[in-house]
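Undergrad: Note that the protein sequences, when read in sequence, are chains A, B, C and D.
Using the working numbering, you'd call the opening residue of the first sequence number 1 and step up by one each time.
Using the working numbering, you'd call the opening residue of the second sequence number 1001 and step up by one each time.
Using the working numbering, you'd call the opening residue of the third sequence number 2001 and step up by one each time.
Using the working numbering, you'd call the opening residue of the fourth sequence number 3001 and step up by one each time.
Structure below; questions to follow.
There are 4 protein chains.
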Amino acid sequence: MAEIGVGMLGYAFMGKAHANGYRKISYMTWPPPLEPKLVAIAGRNEEAVAEAARRYGFETHVTDWRALVEDDRIGLFDNSGPNNLHAEPTIAAAEAGKHVICEKPLGRDATESYDTWQRVQAAGVKHMCAFNYRFVPAVRLAREILESGALGEIRHFRGAYLQEWGTTDAAVWRFDKEAAGSGALGDLGAHVIDLARYLVGEIAEVSAMTATFAPGREVDDAFETAVRFEGGAVGTIESSRFAQGRKNALTWEINGSEGSLRFDLERLNELEHCEGNEGFRRILVSEADHPFWEFWWPQGHIIGWEHTFVHEIHHLLTAIRDDTDVAPHGATLEDGYRAAEVCDAILRSAERGARETVSYR
Amino acid sequence: MAEIGVGMLGYAFMGKAHANGYRKISYMTWPPPLEPKLVAIAGRNEEAVAEAARRYGFETHVTDWRALVEDDRIGLFDNSGPNNLHAEPTIAAAEAGKHVICEKPLGRDATESYDTWQRVQAAGVKHMCAFNYRFVPAVRLAREILESGALGEIRHFRGAYLQEWGTTDAAVWRFDKEAAGSGALGDLGAHVIDLARYLVGEIAEVSAMTATFAPGREVDDAFETAVRFEGGAVGTIESSRFAQGRKNALTWEINGSEGSLRFDLERLNELEHCEGNEGFRRILVSEADHPFWEFWWPQGHIIGWEHTFVHEIHHLLTAIRDDTDVAPHGATLEDGYRAAEVCDAILRSAERGARETVSYR
Amino acid sequence: MAEIGVGMLGYAFMGKAHANGYRKISYMTWPPPLEPKLVAIAGRNEEAVAEAARRYGFETHVTDWRALVEDDRIGLFDNSGPNNLHAEPTIAAAEAGKHVICEKPLGRDATESYDTWQRVQAAGVKHMCAFNYRFVPAVRLAREILESGALGEIRHFRGAYLQEWGTTDAAVWRFDKEAAGSGALGDLGAHVIDLARYLVGEIAEVSAMTATFAPGREVDDAFETAVRFEGGAVGTIESSRFAQGRKNALTWEINGSEGSLRFDLERLNELEHCEGNEGFRRILVSEADHPFWEFWWPQGHIIGWEHTFVHEIHHLLTAIRDDTDVAPHGATLEDGYRAAEVCDAILRSAERGARETVSYR
Amino acid sequence: MAEIGVGMLGYAFMGKAHANGYRKISYMTWPPPLEPKLVAIAGRNEEAVAEAARRYGFETHVTDWRALVEDDRIGLFDNSGPNNLHAEPTIAAAEAGKHVICEKPLGRDATESYDTWQRVQAAGVKHMCAFNYRFVPAVRLAREILESGALGEIRHFRGAYLQEWGTTDAAVWRFDKEAAGSGALGDLGAHVIDLARYLVGEIAEVSAMTATFAPGREVDDAFETAVRFEGGAVGTIESSRFAQGRKNALTWEINGSEGSLRFDLERLNELEHCEGNEGFRRILVSEADHPFWEFWWPQGHIIGWEHTFVHEIHHLLTAIRDDTDVAPHGATLEDGYRAAEVCDAILRSAERGARETVSYR
């Protein structure tokens, strides 16, 4: 079985999630498209990154990500670092001929995201922006239902990503404008925007507001926006880190002329589908013929959040092995850039108090 | 027991709901604050209104509402007619010294609503705008929880009123701009706006869009808006008549610094309350000490949509009997006017593509 | 419109529910099959029954139910009294030529129930045992689905009726063996048994246990039984007054070879239907073409517990007017008797520690 | 880090689940109590077991489980084979000095289970019966709530394990009496019985029925039983492979004098807790201080069915490393035996038509 050397930047929350993905690929998606070989992991704190290497099974660790770029054994560069370390390392790795996967948001704004996409694209490697929720089986099933035309003409998309930890002291870089770019918008909202684009299509206009509740904080704690899609659907998108009781509630509902779909990430194994006006049917997305389910268990033996990364990495490795497109099911860096344009439009709309048209470079 | 003569304009959907309310007041809210005596009902179609009179037990019927205004036996004028018959009859009845209850939206726009409120107010009678959802036990309980401070500082309100009958041929006046004023906005959205005001407070700003899906229709089929409240909370409000599978889904969620509340009119006997971040608790609002529950049954024996009107009329009759304020739990015509200002701001924002500040005359 | 004089025994919980039914029949089921004329109500406490007469609109009150039997104006005798007042007054009324409706359980045991049925049957009047949950729209819809064969061969019925007020001081007669016959079994379990018979068919065998938790109490606080139906389905039936958090939870689920149905009385407007193994679809039973819905509101405007009595009385009055059978949708006194045989078999099984066959006289 | 050599019997459904557990232990439960070294896997089909060894990372494969018993590198024998291969290999491995974990049901009947337990116990090794649902975080949290006394005196347990694949052609050994011992009872019911014992206590009496729906099948497709616990609680337990729409529905509810708990394996990240009669609160069991959650993700990032095995193996390896008891949180072979006694009592009760007392040797 062909191998691919993996170099990873970052070992915190996302690093753990991605590392678990590579580990499970080897035996749960059998045979794996390519056998991931965990070559090296980079982080600034040597003690911590050394332990991460032992823990996740990387052969070595380094304290400067440039060492990953220079390492010829590495064929795939996995950027699980903070937002301000997305652009430069990802570009450098791509220009060194490595395929890249980069956490979202791609850049801290649309300009940084655009440059990253353009330079990586020019390098001719496979690239993926890690919008992992495209790889929830229920989301993929929703996409299939939508592609079949079963929902008819789409009227509405209402999506939210609500969490409750906005007053925490942890993960401080996420509250730092220089490191993160934005707050709930880029962290949570970008996921909703990507799913809106994946499921319904491009967003044409936004009329938005933002709010910051924590005293002295530079980034948004929440945003709220009305949206209009190019196809004519209208709806709302919001995210907040101040929604008590909402642990990880990425929810969306789509209403079409022939039916509706809805989803809640806190119950990620379930998709609700209303055919016509017959009432919502709860599909426990875990049948042998459901998306990604060939990897897992008999029906009803549900999977968890971490498994989205297994599916995502499987998709990327397959694209690398077969030299096929990452799109449309995988988000490319172009998708990362396009989400960033929507985010920037939301910020402009919130600041100027005017509806903003989303346009692309 | 003291009686009050009731004259009603309209015998369709709202007329049936109000008539049922008066009938049940007499024996379910025992002893009733005042015994409603159904004096006369008005409608343009004589055959239909005559049958309505027989059916609901009105002593007589008339084909011109002015006959109600002139009838000295009538102490309470109930306007259950279409929107374009709200202002003139309500004002005339009030100026003839009758207490008035008028269906929502109060007027077809803020100006008409303002005039109606001002003239009725000047007449010195009790007045109520029939925002009946304030009288859902779960909504009243939510208000009590909010008043207790248990939710802390309010961060978010997200409300929607979704229905699915937008392609129907029935109830045509609701699609006629001259008769209705607006579409989903005044019909459904006004309810959300009133509850937002009742539960969270005044709305300061809106950034909105509207959509009309049915070809040739003059009024909005849906609207979407970001909102900011005077108290600093932000959120979204929307309504649509094109949401397949959503039968009568007036839903809202409120997030505060100390907890959250949520509600769905399709399960109107339930309120979900999250204290701190402990998870949502489903309260079946049907205990002996829950709001309005002194009128009904042992716990768990749920009530229906129609009972909101019983509570509403009981509240109004009590205010009339005791000469007490309809506010704050009952919506007055001032509340009707204020909701109309928000609706107008939403339409202006949608048309101008700019954030609008809500201001009152 | 033809009238029917109603005489009622009892004015407490069930009396209030039945009285409300008669009152609403007149205008909500339009035109009513027969116009109920509330002639007289009987109760032992004169002050209380006099107020009940004023409240519910009975022309007179009496303190001896025999006065109802002798009153020629009364064509329908409504027995809403306690269990120990079911047999004698119901028989007397029937033998005086009045149609009868009697609350459940019909008698305190199968023998008393059998005698009541036989003598009333012999009198040639219409008779109904007030198993009102047959008249929940979702239950009727379930019956229609079952009759259509859409569930295939029935494999399982699991039903429970759970409440939580077993430690209360109220409604003391329900804890008195002489007055009530049994405890949770006759009060709650009988409802489940009747629905099991209505939906699945006759119960052939039971293997049961009972429990009494409250010290010194004579009647069962709970029972648990495995059941086998004549058609081959197996399942469980239970009821308890000691299930904290369960307010009025009559729940059942039916599994057939081609699908499943489930129901919870706390959400009585909803029926869940799984076609094949496609997942449960939530039907909000409130469409224009759903059972009983011609009486009510647009879709999604839900009804309450009390409305089951409106449907039940409407059914009975129609059978009286048209001289048609109360069965199969209405429970007759034979159904009351048959439920009592199952209850007795459960008690025998619990006492003897052996499986009991249900047999009928 | 100390290692432990693992030898596994079986590579099908359970083998895959256990193998995944060992693989994840190494990096997700960090540092692992002992580092599992996958020495050898046994299966009769050489081609299949050879591929399983490659897939899951076992150093070698064998076609006779006796080779595992004789392999000195193996310190832990994992029996993931079919029921008729539980007793002999497990006993042999223990008597060769290896710790053992054996899939449930322990034996095909109580006698076989008893012998297995006794002989393994006598060998002085650590032993575990793989009732993995004890290791669902929500189940452990329920146990903690129960141990705290928060539910008061326990009145009821109602548990079911419902699946729908009873007509399938797959996994044929599960329908073979010689290989499986029983049908839904040992396969599914044993899980419910173990959780009943873990959460509420020993079962004293059963009154049961069984059913076989598939023509010619030797084992039960479903069973239904009333149960009485030694502590006085009563309830029902059932399982079926013929419940359409129920994918993997292990559900239970416990009612105590001070509150209730309920659970559904199809939503295994959730526990519902009613304190007093205040309504059920949905706890998304995923907080940093929730059971097992130190291994995983931020709150709301849910885990899957497979993770129960990670927790289970972690528990066992810790007991081996520290020489501590597997009980009470881990099920020992004694627990496996006790569950088998309850299963046998259910079969006897079903056959004899009499209530059976559960007694232990």
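Each residue gets a CB set at the ideal place from its N, CA and C atoms; glycine is no exception.
Keep in mind the model is a prediction, meaning the values are calculated, not measured.
(1) Out of A/Tyr114, A/Arg66 and A/Gln244, point me to the one whose CA is closest to B/Ser1257's CA.
(2) Hey, does C/Gly2279 have any beta-carbon neighbour from chain A nearer than 7 Å?
(3) Can you tell me where the beta strand (DSSP E) with C/Ala2249 in it begins and where it stops?
(4) Mind checking the segment 1211–1238 of chain B against chain A and listing, in chain order, the residues whose C-beta falls within less than 7 Å of any C-beta there?
(5) Can you give me the Cβ contacts of C/His2311 inside the same chain, cut-off strictly under 7 Å, excluding the 5 residues immediately before and after it?
(6) With the cut-off set at 7 Å, would you say A/Thr236 and B/Thr1236 are in Cβ contact?
(7) Go to B/Lys1037, then tell me how far its beta strand (DSSP E) extends in each direction, as first and last residue.
(8) Check whether the Cβ of D/His3314 lies closer than 7 Å to any Cβ atom in chain A.
(9) Just tell me which of A/Tyr161, A/Lys247 and A/Ser148 has its CA closest to the CA of A/Ser188.
(10) Do the CB positions of D/Val3069 and D/Ala3093 come within less than 7 Å of each other?
(11) In chain C, which residues lie with their C-beta within 7 Å of the C-beta of A/Arg348?
(12) For C/Phe2223, which option in C/Cys2129, C/Tyr2056, C/Phe2213 and C/Ile2203 has the closest C-alpha, if you only look at C-alpha atoms?
(13) Are D/Ala3233 and D/Ile3313 closer than 7 Å when you measure CB to CB?
(14) Who are the neighbours of A/Ser260 on chain B, taking C-beta pairs under 9 Å?
(15) Is D/Asn3255 close to chain C? Criterion is C-beta to C-beta, closer than 7 Å.
(16) In its own chain, which residues sit with a C-beta less than 7 Å from the C-beta of C/Ala2130, not counting the 5 before and 5 after it?
(17) Here's the rule I'm using: 16 or more other beta-carbon atoms within 10 Å means buried, otherwise exposed. How should D/Glu3059 be labelled?
(18) By the criterion of Cβ-Cβ separation under 7 Å, what are the contact partners of B/Arg1055 in chain C?
(19) Can you tell me which of the three DSSP states C/Phe2131 falls into?
(20) Under 7 Å between C-beta atoms, does C/Arg2108 make it to chain A?
(21) For chain F, check one thing: does any of its Cβ atoms lie closer than 7 Å to the Cβ of B/Gly1353?
(22) State yes or no: is the beta carbon of C/Gln2118 nearer than 7 Å to at least one beta carbon in chain B?
(23) Determine whether the Cβ of D/Leu3284 lies closer than 7 Å to any Cβ atom of chain A.
(24) To which residues of the same chain is B/Ile1091 closer than 7 Å at the C-beta, ignoring the five residues directly before and after it?
(25) Span of the beta strand (DSSP E) holding B/Phe1229?
(26) Name the DSSP bridge partner or partners of D/Phe3157?
(27) For A/Ser113 and A/Gly186, what's the separation of their Cα atoms in angstroms?
(28) Does the beta carbon of A/Ala48 fall short of 6 Å from some heavy atom of the ligand FAD?
(29) Give a yes or no on whether 7 Å exceeds the smallest Cβ distance from B/Met1014 to chain A.
(30) Taking the CB atoms as reference points, tell me whether D/Asn3083 and D/Gly3181 lie closer together than 7 Å.
(31) Determine which residues of the segment 143–160 of chain A have a Cβ less than 9 Å from any Cβ of chain B, and write them out in chain order.
(32) Taking 7 Å as the CB-CB cut-off, is A/Ser207 touching chain B?
(33) Would DSSP call A/Glu51 helix, strand or coil?
(34) Tell me which residue opens and which closes the alpha helix (DSSP H) that C/His2307 is part of.
(35) In terms of residues, what are the limits of the alpha helix (DSSP H) holding A/Gly21?
(36) C/Gly2276 versus chain D: which residues are under 9 Å apart at the beta carbon?
TA: Answer, in terms of the structure:
(1) Ranking the options by Cα distance to B/Ser1257, first place goes to A/Gln244.
(2) The beta-carbon of C/Gly2279 is placed less than 7 Å from the nearest beta-carbon of chain A.
(3) Start and end: Ala2249 to Gly2256.
(4) Within the segment 1211–1238 of chain B, the qualifying residues are Ala1211, Phe1213, Ala1222, Glu1224, Thr1225, Ala1226, Arg1228, Val1234, Gly1235, Thr1236 and Glu1238.
(5) The answer, listed in chain order, is Phe2135 and Phe2292.
(6) In this structure, A/Thr236 places its C-beta atom within 7 Å of the C-beta atom of B/Thr1236.
(7) Unbroken beta strand (DSSP E) run through B/Lys1037: Glu1035 to Ala1042.
(8) At a cut-off of 7 Å between beta-carbon atoms, D/His3314 makes no contact with chain A.
(9) One detail in the question is off: residue 188 of chain A reads as Leu in this sequence, not Ser. It is A/Tyr161 whose Cα lies nearest to the Cα of A/Leu188.
(10) It is a contact, given that the beta carbons lie within the stated cut-off.
(11) Within chain C, no residue comes near A/Arg348; the closest Cβ sits about 39 Å away, beyond 7 Å.
(12) C/Phe2223 has its Cα closest to that of C/Phe2213, out of C/Cys2129, C/Tyr2056, C/Phe2213 and C/Ile2203.
(13) It is not a contact, given that the beta carbons lie outside the stated cut-off.
(14) Chain B residues near A/Ser260: Glu1164, Ala1243, Gln1244, Gly1245 and Arg1246.
(15) Taking Cβ atoms only, chain C reaches closer than 7 Å to D/Asn3255, which makes this a yes.
(16) Residues Ile2101, Cys2102, Glu2103, Lys2104 and Glu2312 of the same chain have their beta carbon placed closer than 7 Å to that of C/Ala2130, with the five preceding and five following residues left out of the count.
(17) Around the beta carbon of D/Glu3059, fewer than 16 other beta carbons sit within 10 angstroms, so the residue counts as exposed.
(18) Going along chain C in sequence order, the residues near B/Arg1055 (Cβ under 7 Å) are Tyr2027 and Trp2030.
(19) DSSP places C/Phe2131 outside both helix and strand once states are collapsed to three, so it counts as coil.
(20) Not flagged as an interface residue toward chain A: C/Arg2108, since no C-beta distance is shorter than 7 Å.
(21) No chain F appears in the structure shown, which is made up of the protein chains A, B, C and D.
(22) At least 7 Å separates the CB of C/Gln2118 from every CB of chain B.
(23) Under the Cβ criterion of 7 Å, D/Leu3284 is counted among the residues facing chain A.
(24) Within the same chain, B/Ile1091 has close Cβ partners Thr1116, Arg1119 and Val1120.
(25) Segment Ala1222 to Phe1229, the beta strand (DSSP E) holding B/Phe1229.
(26) Partner(s): D/Gly3235 and D/Ile3254.
(27) Those two C-alpha atoms are separated by around 12 Å.
(28) This structure does not include the ligand FAD; it has no bound ligands of any sort.
(29) For B/Met1014, the nearest beta carbon of chain A is not closer than 7 Å to its own beta carbon.
(30) Here D/Asn3083 is near D/Gly3181, since their CB atoms are less than 7 Å apart.
(31) Residues of the segment 143–160 of chain A that bring their beta carbon within less than 9 Å of a beta carbon in chain B comprise Leu151, Gly152, Glu153, Arg155, His156, Arg158 and Ala160, in sequence order.
(32) Closer than 7 Å to some Cβ of chain B, the Cβ of A/Ser207 qualifies, so yes.
(33) Helix, per DSSP.
(34) In the DSSP assignment, C/His2307 falls within the unbroken alpha helix (DSSP H) covering His2307 to Asp2322.
(35) That run of the alpha helix (DSSP H) goes Phe13 to Met28.
(36) Gln3244 and Gly3245, listed in chain order.
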